[in-house]
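A.B. asks: Below is a structure I'd like to ask you about.
Number of protein chains: 2
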Amino acid sequence: MMNDFSFQNTTKVHFGREALSKLSSEVIRYGNRVLLVYGGTFLKQCGLYDKIVSELKKEDIEIFDYDLVKPNPRHTDINIGGKMCRDNDIKCVIGIGGGSAIDSAKAIAALAVSDTENCWDLVEAKKPIMKALPVFAVPTMASTGSEMDASCVISNLETEEKKGYNGPAIRPAVTFDDPVNTFTVPAYQTACGSVDIMSHTIDTKYFSKDDKMDMLYRMMDEHLKTVVKWAPVAYTEPDNYEARSNLMWAAAWALNSFMTCGVRQAASVHAMEHELSAVYDMVHGHGIAILTPRWMRYILNEETAPQIARMAYNVYEIDKDTPVMEAAEKAIECTEKLFFETLGLKSRLSDFGIDDTRFEEMAKNACGERGVIRGFVDLTPEDVVNIYRMCL
Amino acid sequence: MMNDFSFQNTTKVHFGREALSKLSSEVIRYGNRVLLVYGGTFLKQCGLYDKIVSELKKEDIEIFDYDLVKPNPRHTDINIGGKMCRDNDIKCVIGIGGGSAIDSAKAIAALAVSDTENCWDLVEAKKPIMKALPVFAVPTMASTGSEMDASCVISNLETEEKKGYNGPAIRPAVTFDDPVNTFTVPAYQTACGSVDIMSHTIDTKYFSKDDKMDMLYRMMDEHLKTVVKWAPVAYTEPDNYEARSNLMWAAAWALNSFMTCGVRQAASVHAMEHELSAVYDMVHGHGIAILTPRWMRYILNEETAPQIARMAYNVYEIDKDTPVMEAAEKAIECTEKLFFETLGLKSRLSDFGIDDTRFEEMAKNACGERGVIRGFVDLTPEDVVNIYRMCL
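Top to bottom, those sequences are chains A and B.
Those letters in the first sequence? Residues 107 to 498, per the numbering used here, in order.
Those letters in the second sequence? Residues 107 to 498, per the numbering used here, in order.
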């Protein structure tokens, strides 16, 4: 029986080649002092930084720069951003980049108006964020869907934890999705991002114990098919607008609450991957790619087979006469082929020099205080170690 | 090449058997004096009226009743509602019923805070509604999708016009979708509502000149398949929760801007049907049912055939080897079979005593000031008369 649910997503999205032309008119409604949140040197090299600055200058908006974004944003950096906002009377925060930049913008926006100067206090408070500076997002890759969701993930390198906070106040007010801004994403990042998009459907709702509404289940099929079709195109033709558009919009809709309606989100693979990122600073989408097919194989049994087989029939277009268990195996094989051959991702943790030394500790952390990852199939620390070993 | 677009839908939806338990806590955030907007006697007979009143009493909310809702809401009634709000210092408006009730609530909410006492002035102003009392919706049938969209349609019986207004201020703040509240919808209304849901996809975006984003095109397929599958179930098993849930959520998502992204809405069939409702007070969904397959046949040509054939392949599951023109014909036949056999709707205007006396005048009105209905295929008044004649 389907669960009751509540749905709301307030983010406004301007999508297309002219999306950024609306930046200054949207921002000025909230104030004339903004913090740009980004990382690295690429944004300036490719011209996007200058484009954003010149758009903001149309409304004489004063710009402050936070350029400390790195993959897996660190809590100590966020704390610097929070102080910058307070010291400079910042009115809104614009995250420019991938999930790390947008998550950083959200984390900083919440910290800026909170009672603490340490964002890890907000992580540990485990309360929904109801107050934050307005957040804007300019995604430069299709991946996390952070541009339309209400959460952020932060890494604490001291405690080797990767956790986050969420709440309506940090959902972006406005997102500017220009697929052209993702043309420069290298093939490797395109692959990792695409895996992440698929995983947001597979890991949090497509494979799950809860009854799914038929309409949404069908839309999950099509969401996955969209990525299966367009990720390889974007991988080989980086400036294919149609491919980049589909991936960008698929990223936003994977995690914006729509398809999750009525399904309690589980995210078993994400829980296991967060340990890989926290301990080995692994690229999130690559960790997900290595874990997902092994997880599918580990949990495959008579009870889970029909759902895994559905992926074969409806996403990979395997003949519908194929017996269920055989079809489920094919879904796993097709997923491996897509991730490790078509999208060229290395398939093993040992490729990164990772061995089993810390698996037990990581498994324990992944299972958290409850001692179990609840999901499609509940996983104990022992299960998690077994899955990590399958990835070696 | 895909068009740029902007997307935002702020409505919060509580969905499921316990949806109404959240009514009072949502309403009290906006004020303690509400106008209930509904029609007929059924709401009181079935117990829903009492349930809503007792929910609102939890927060001592004072209730005023506007019980003038009829199919195709009249502008003179809306004017009475606007006056009730002003006279009684109403803080928010709750529409309970089908599209007519929710549209009435929206129209009244806007009129209550406008500079005029005649809602037809707002229709004629053709400006987006930026100011209105907060609107809440309790749909009792799956049909118009008014519960998540930003527009309302009003009939002026004096001028025989059916027009409306729209704007962010009249999009419902909160919608309470309990599929159980649609169990009592009679088979005929279930059929009309289901046709309306399909038409919101077919008429405004699925068949259109604009390039569609692959992901959204696929989701339109599944949206239509959902209705094709579940409408006949709800028609014969009125208390099937799964069928009612799917239709209710399909109704909301048909017209909430999601699938329209990048496609300029056309609504040719709706333009033609509005004349039938305005002149003959016809039930909207039934008019749509009679017009849709004739319109599809009238516009079928080498250029339009591939899109119409897609419906055969992807929605009606006709063999993909069927040649395009033959498949397009099959899509039309399957649509006729669904509407006129499975869902039992009378198929001809003559079944309602309508003859061609007023077709030329209606066609001229449908084409409006431009003298043409722009859409998948542009229609002149002569085309519209031809289509009306096909429906006789």
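Each residue gets a CB set at the ideal place from its N, CA and C atoms; glycine is no exception.
#1: Where do the ends of the beta strand (DSSP E) carrying LYS232 of chain B lie?
#2: Could you tell me whether the segment 344 to 355 of chain A touches the segment 288 to 308 of chain A, where touching means 3 or more Cβ pairs closer than 8 Å?
#3: Taking contact to mean at least 3 C-beta pairs separated by less than 8 Å, is the segment 337 to 345 of chain B in contact with the segment 293 to 306 of chain B?
#4: Please list the partners that GLY122 of chain B has in chain A, where partner means a Cβ-to-Cβ separation under 8 Å.
#5: Could you please give the first and the last residue of the uninterrupted beta strand (DSSP E) stretch that includes ALA243 of chain B?
#6: At a cut of 8 Å, does the segment 355 to 374 of chain A reach the segment 113 to 125 of chain A through at least three beta carbon pairs?
#7: Tell me which same chain residues have a C-beta within less than 6 Å of the C-beta of LEU382 of chain A, skipping the five on either side of it?
#8: Below 7 Å between beta carbons: does that hold for PHE218 of chain B and LEU239 of chain B?
#9: Verify whether the separation of the beta carbon atoms of TYR312 of chain B and MET325 of chain B is less than 7 Å.
#10: Quick check: the Cα distance between ARG370 of chain B and THR486 of chain B, rounded to an integer number of angstroms?
#11: Can you say whether PRO456 of chain A is buried or exposed, counting buried as having 16 or more other CB atoms within 10 angstroms of its CB?
#12: Can you tell me whether ASN471 of chain B is buried or exposed? The criterion is at least 16 other CB atoms within 10 Å of its CB, across all chains shown.
#13: Mind listing which residues of the segment 117 to 146 of chain A have their C-beta closer than 9 Å to chain B's C-betas, in chain order?
#14: Work out the CA separation of ASN407 of chain B and TYR172 of chain B for me, nearest whole Å.
#15: In chain order, which continuous runs of the beta strand (DSSP E) of length 3 or greater are located wholly inside the segment 255 to 338 of chain A?
#16: Under a CB-based cut-off of 7 Å, is MET402 of chain A close to chain C?
#17: Taking C-beta pairs closer than 8 Å, name the residues in chain A that GLU328 of chain B reaches, listed in chain order.
#18: Using a Cβ-Cβ cutoff of less than 8 Å, which residues in the same chain neighbour GLU435 of chain A once the five nearest sequence positions on both sides are dropped?
#19: Which complete alpha helix (DSSP H) runs does the segment 401 to 446 of chain A hold, if anything under 4 residues is left out?
#20: Using 8 Å as the threshold, is the segment 305 to 324 of chain B in touch with the segment 127 to 144 of chain A, meaning 3 or more CB pairs across them?
#21: Which residue from B:VAL175, B:SER453 and B:CYS367 puts its Cα closest to that of VAL259 of chain B?
#22: My understanding is that THR246 of chain B touches GLY203 of chain B, with C-beta atoms under 8 Å, so please give their C-beta distance in whole angstroms.
#23: When the distance is taken between beta carbons, is GLY188 of chain B closer than 7 Å to SER252 of chain B?
#24: Mind listing the chain A neighbours of ASN352 of chain B? Cutoff is C-beta to C-beta under 8 Å, in chain order.
#25: When you compare the CB positions of SER210 of chain B and PRO179 of chain B, do they come within less than 7 Å of one another, or not?
#26: Taking the straight line between their C-alpha atoms, what separation do you get for GLY146 of chain B and ALA418 of chain B?
#27: Taking only three categories from DSSP, how would you classify PHE364 of chain A?
#28: Within 7 Å of any Cβ in chain A, is that where the Cβ of GLN413 of chain B sits?
#29: Provide the residue(s) that pair with ARG135 of chain B in DSSP beta bridges, ordered along the chain.
#30: For a cutoff of 7 Å on Cβ pairs, would you count ALA418 of chain B as touching chain A?
#31: Please say whether ASN185 of chain B and ASN138 of chain B have beta carbons closer to each other than 7 Å?
#32: Look up GLY203 of chain B in the DSSP assignment and say whether it is helix, strand or coil.
#33: Assuming LEU361 of chain A and MET378 of chain A form a contact by the criterion Cβ under 8 Å, report the distance between their Cβ atoms to the nearest whole angstrom.
#34: State the start and end residues of the unbroken beta strand (DSSP E) segment that holds VAL119 of chain A.
#35: Note the first and the last residue of the continuous alpha helix (DSSP H) segment covering GLU466 of chain A.
C.D. replies: If we stick to the structure as given:
#1: Careful: LYS232 of chain B lies outside any beta strand (DSSP E) and carries neither H nor E.
#2: In this structure the segment 344 to 355 of chain A touches the segment 288 to 308 of chain A; the number of beta carbon pairs closer than 8 Å is three or more.
#3: Touching, yes.
#4: Per Cβ cutoff of 8 Å: MET108, ASN109, ASP110, PHE111 and GLY368.
#5: First-last of the beta strand (DSSP E) with ALA243 of chain B: 241 to 245.
#6: Three or more Cβ pairs closer than 8 Å define a contact, and the segment 355 to 374 of chain A meets that threshold against the segment 113 to 125 of chain A.
#7: So the list reads MET388 and GLY393, once near-sequence residues are dropped.
#8: Per the sequence shown, residue 218 of chain B should be read as Ala rather than Phe. Cβ atoms of ALA218 of chain B and LEU239 of chain B: closer than 7 Å.
#9: No, Cβ-Cβ distance for TYR312 of chain B and MET325 of chain B is not below 7 Å.
#10: Whole-angstrom Cα-Cα distance: 19 Å.
#11: Note on residue identity: the sequence assigns Ser, not Pro, to residue 456 of chain A. SER456 of chain A should be labelled exposed.
#12: Under this definition ASN471 of chain B is a buried residue.
#13: Those residues of the segment 117 to 146 of chain A placed with their C-beta closer than 9 Å to a C-beta in chain B are THR117, LYS118, VAL119, HIS120, PHE121, GLY122, ARG123, GLU124, ALA125 and LYS128, ordered along the chain.
#14: Computed Cα separation, rounded: 49 Å.
#15: Fully contained in the segment 255 to 338 of chain A are the following beta strand (DSSP E) runs of length 3 or more, in chain order: 257 to 262, 267 to 272 and 280 to 283.
#16: Note that chain C does not occur in the displayed structure, where the protein chains are A and B.
#17: The answer, in chain order, is MET321, ARG324, MET325, ASP327 and GLU328.
#18: Contacts found: LEU406.
#19: Taken in chain order, the complete alpha helix (DSSP H) segments of 4 or more residues contained in the segment 401 to 446 of chain A are 411 to 420 and 430 to 442.
#20: These segments do not touch.
#21: Distance from the Cα of VAL259 of chain B is smallest, within the candidate group B:VAL175, B:SER453 and B:CYS367, for B:VAL175.
#22: The Cβ separation is near 5 Å, so the contact holds.
#23: When the beta-carbon positions are compared, SER252 of chain B and GLY188 of chain B stay at least 7 Å from each other.
#24: Near ASN352 of chain B (Cβ distances below 8 Å), the residues of chain A are MET319, ASP320 and MET321.
#25: Yes; because the gap between Cβ atoms is below 7 Å, this pair is in contact.
#26: Cα atoms of GLY146 of chain B and ALA418 of chain B: separation of roughly 40 Å, rounded to the nearest angstrom.
#27: Coil at PHE364 of chain A, not helix or strand.
#28: With 7 Å as the cut-off, GLN413 of chain B does not count as an interface residue toward chain A.
#29: Per DSSP, none; premise fails for ARG135 of chain B.
#30: Not an interface residue.
#31: Their beta carbons are not under 7 Å apart, which means ASN138 of chain B does not touch ASN185 of chain B by this criterion.
#32: Reduced to three states, the DSSP call for GLY203 of chain B is strand.
#33: Not confirmed; about 18 Å, so no contact.
#34: Residues 111 to 121.
#35: Looking at the DSSP string, the run of the alpha helix (DSSP H) that includes GLU466 of chain A is 465 to 473.
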